[in-house]
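Below is one structure, written out as structure tokens; comments come after it.
2 protein chains.
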Amino acid sequence: MTLYAEGDVGHSVYWVAAGTVRTVNVGRDGNRIVRGFYRSGEFFGLERGPLRASSAEAVSETRAVCCSRSRLDALAASDAQVAHELLSWLLRMTERAQDLAALGRASATQKLAYFLIDLMDRGSAGRSIALPMSRTDIGDYLGLSSETVSRAFTILRRDGMIATHGRDVTLLDPAALQRMNGNLLKAHS
Amino acid sequence: MTLYAEGDVGHSVYWVAAGTVRTVNVGRDGNRIVRGFYRSGEFFGLERGPLRASSAEAVSETRAVCCSRSRLDALAASDAQVAHELLSWLLRMTERAQDLAALGRASATQKLAYFLIDLMDRGSAGRSIALPMSRTDIGDYLGLSSETVSRAFTILRRDGMIATHGRDVTLLDPAALQRMNGNLLKAHS
DNA sequence: CGCCGCCTTGATGAGGCTCAACTATTGTGG
DNA sequence: CCACAATAGTTGAGCCTCATCAAGGCGGCG
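For the protein sequence lines, the chains are A and B, in the order given. Quick note: the first sequence uses the UniProt record's numbering, first residue 1, plus one each step. Quick note: the second sequence uses the UniProt record's numbering, first residue 1, plus one each step.
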């Protein structure tokens with residue numbers, strides 16, 4: 001379940017073939033922070049220093065491919081296409097993290113709307129999403145408690161924007177969800 | 001004062017020679033979000049698409065060097081050193097944005113402590129910082145109101161962690177400031 | 001001197017965290 | 001197949017932090 005832990009030495013970069021991975025920090029007082037979710041087709045594990053800044057854990061059953069940092073560097077140096085992909089991916093990561101930071105002032109419901117839209121943009125083909133993670137995971141990612149996440153789901157359901165059945169979510173009105181954030185999030189596709 | 005505006009077409013990348021630049025988004029309802037500050041020696045303006053996602057404004061008197069994206073790409077392709085610098089810078093940007101997002105649950109005082117520590121790590125030699133930006137700027141960056149920022153300054157001053165005189169801030173106890181964030185922020189140097 | 005922007009401080013209200021109870025779902029052993 | 005336990009999700013009540021509105025202070029600059 002754990003691919004690597006916070007503080008480990010490791011230069012490997014990973015590519016998610018199937019499933020979902022989360023990167024996590026745990027404060028000394030036990031408060032957990034989910035720094036990111038990585039879905040099938042995405043990269044993670046590229047860091048500045050030799051020590052892992054966060055742990056990486058499989059959220060559901062997951063297959064991941066591992067590549068050493070030196071091999072990646074060599075590939076990027078020789079193949080301009082790879083270098084461009086890498087740059088583009090990093091820029092996207094930065095954008096996403098900045099978007100999340102910009103949501104600091106937003107309401108819990110707006111944060112959840114952002115989360116769902118982002119998830120739809122990234123992987124799910126139709127309007128249905130099978131969330132692999134718990135409410136607590138979502139909360140630790142958005143900076144909310146699991147109870148507040150649950151309440152936000154209830155509000156979106158009541159307003160007819162989504163339908164839920166356990167962890168299965170159907171986005172009934174994606175445009176309305178997107179509008180909730182004062183279209184802070186441009187089309188990231 | 002404005003280097004480029006949100007929505008502009010532009011591929012240029014900038015390097016701050018002196019002064020401070022902020023990148024800004026403005027929602028339709030007028031709420032302002034400062035996405036980042038860039039101090040002397042730092043880069044900004046590198047984005048994924050051809051359209052600017054945010055405006056860039058000089059906070060104080062500033063000199064900035066401009067470089068076209070194509071020239072940067074050529075440089076990075078030919079010079080491994082430049083490519084490495086670029087990668088390292090992007091990773092740092094991502095880290096910083098993720099740190100800020102992770103502060104979502106933190107108190108206003110913790111956020112301000114993070115801000116000051118980050119600022120010290122990045123540019124100021126001694127323990128004194130001459131803030132170039134207003135309380136409102138800081139608030140729009142941290143997701144707080146300017147009043148709350150002001151109150152947080154008062155608390156840190158009362159607790160003997162800083163001394164302030166207008167926009168001049170002296171960090172009396174940097175270690176204590178760093179500890180406030182459950183040492184979420186590792187040494188980023 | 002008086003205006004103006006920035007900063008500070010106070011009072012009030014709203015949103016979200018915490019504690020707590022209850023329900024739903026899944027898994028386990030008899 | 002059922003009883004039970006364990007985990008996840010939902011909903012409610014009270015408190016606390018921060019946003020908002022409002023009123024001064026403190027320079028800078030004409």
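Beta carbons: idealized from backbone N, C-alpha and C, even for Gly.
- Taking just the CA atoms, how far does Gly166 (chain A) sit from Leu156 (chain A)? Along the first sequence, read from residue 1 onward, the residue named residue 156 (chain A) stands at position 156. Along the first sequence, read from residue 1 onward, the residue named residue 166 (chain A) stands at position 166. Using only the alpha carbons, I get a separation of about 14 Å.
- Met93 (chain A) at chain B interface by Cβ criterion, 7 Å: Locating residue 93 (chain A) in the first sequence gives position 93, counting from the first residue. Yes, contact with chain B.
- Give the range of the beta strand (DSSP E) segment to which Asp140 (chain A) is assigned. Here residue 140 (chain A) refers to the residue found at position 140 of the first sequence. Element bounds for Asp140 (chain A): not the beta strand (DSSP E) but the alpha helix (DSSP H), Arg135 to Leu142.
- Query: In chain order, what residues of the region 72-98 of chain A put their CB closer than 9 Å to some CB of chain B?
  - Reply: Asp73, Ala76, Ala77, Ala80, Ala83, His84, Leu86, Leu87, Ser88, Leu90, Leu91, Arg92, Met93, Thr94, Glu95, Arg96, Ala97 and Gln98
- For Ala108 (chain A) and chain B, any beta-carbon pair shorter than 7 Å? Locating residue 108 (chain A) in the first sequence gives position 108, counting from the first residue. False, the Cβ-Cβ gap to chain B never drops below 7 Å.
- Message: Is the separation between the beta-carbon of Thr20 (chain B) and that of Val59 (chain B) shorter than 7 Å?
- Response: Working through the second sequence from its first residue, we reach residue 20 (chain B) at position 20. Working through the second sequence from its first residue, we reach residue 59 (chain B) at position 59. Contact: yes.
- Query: List, in order along the chain, the chain B residues whose C-beta lies closer than 7 Å to that of Asp29 (chain A)?
  - Reply: For the purposes of this step, residue 29 (chain A) is taken as residue 29 along the first sequence, with counting starting at 1. Neighbours of Asp29 (chain A) on chain B, chain order: Gly182.
- Item | Inter-stretch contact at 8 Å, needing at least 3 Cβ pairs: the region 4-14 of chain B / the region 88-105 of chain B | no
- Task: On a CA-only basis, which of B:Val82, B:Gly160 and B:Arg135 is nearest Val149 (chain B)? Give me that one, please.
- Result: Counting from 1 along the second sequence, the entry for residue 149 (chain B) is found at position 149. Nearest of B:Val82, B:Gly160 and B:Arg135 to Val149 (chain B), Cα basis: B:Arg135.
- Message: For a test of the three-state rule: what should DSSP assign to Glu57 (chain B), helix, strand or coil?
- Response: If you number the second sequence from 1, residue 57 (chain B) lands on position 57. Strand.
- Helix, strand or coil at Ala187 (chain B) [DSSP, three-state]: Within the second sequence, numbered from 1, the residue matching residue 187 (chain B) stands at position 187. Interpretation of Ala187 (chain B) is limited by its pLDDT of 46, a score under 50 that renders its predicted location unreliable; the figure taken from the coordinates is listed afterwards. If DSSP states are grouped into helix, strand and coil, Ala187 (chain B) belongs with coil.
- Message: What does the alpha-carbon distance come out to for the pair Pro174 (chain B) and Leu72 (chain A)?
- Response: The residue you call residue 174 (chain B) lines up with position 174 of the second sequence. The residue you call residue 72 (chain A) lines up with position 72 of the first sequence. Roughly 37 Å between the two C-alpha positions.
- Query: chain B beta carbons: is any one of them nearer than 7 Å to that of Leu100 (chain A)?
  - Reply: Translated into the one-based positions of the first sequence, residue 100 (chain A) becomes position 100. Yes, its Cβ sits closer than 7 Å to a Cβ of chain B.
- Message: What does the alpha-carbon distance come out to for the pair Tyr114 (chain B) and Asn181 (chain B)?
- Response: The count along the second sequence starts at 1 and reaches residue 114 (chain B) at position 114. The count along the second sequence starts at 1 and reaches residue 181 (chain B) at position 181. Each residue's alpha carbon lies about 7 Å from the other.
- Task: Could you list the residues in the UniProt domain "Cyclic nucleotide-binding" (1-45) of chain A with a C-beta less than 8 Å from some C-beta on chain B, going in chain order?
- Result: Asn25, Gly27, Arg28, Asp29, Asn31, Ile33, Arg35 and Gly36
- Message: Nearest by alpha-carbon distance to Leu172 (chain B): which of B:Arg127, B:Ser107 and B:Leu142 is it?
- Response: Position 172 of the second sequence, counted from the start, is the residue given in the question as residue 172 (chain B). Among B:Arg127, B:Ser107 and B:Leu142, the Cα nearest to that of Leu172 (chain B) is on B:Arg127.
- Within 10 angstroms of its Cβ, does Ser68 (chain B) collect 16 or more other Cβ (buried), or is it exposed? Taking the first residue of the second sequence as 1, we reach residue 68 (chain B) at position 68. Ser68 (chain B) should be labelled exposed.
- Message: Counting only C-beta atoms, is Gly104 (chain A) closer than 7 Å to chain B at any point?
- Response: Translated into positions along the first sequence, residue 104 (chain A) becomes position 104. Gly104 (chain A) counts as touching chain B.
- Consider the Cβ of Gly143 (chain A): report whether some Cβ of chain B lies at a distance smaller than 7 Å. Numbered from 1 along the first sequence, position 143 holds the residue referred to as residue 143 (chain A). So yes, Gly143 (chain A) belongs to the interface.
- For the alpha helix (DSSP H) that Arg71 (chain A) lies in, which residues bound it at each end? As a first step, residue 71 (chain A) must be located in the first sequence, where it is residue number 71. Segment Arg69 to Ser78, the alpha helix (DSSP H) holding Arg71 (chain A).
- Query: Do Val34 (chain B) and Asp137 (chain B) have their CB atoms nearer than 7 Å?
  - Reply: In the second sequence, the residue the question calls residue 34 (chain B) occupies position 34. In the second sequence, the residue the question calls residue 137 (chain B) occupies position 137. For Val34 (chain B) and Asp137 (chain B), yes; Cβs fall inside 7 Å.
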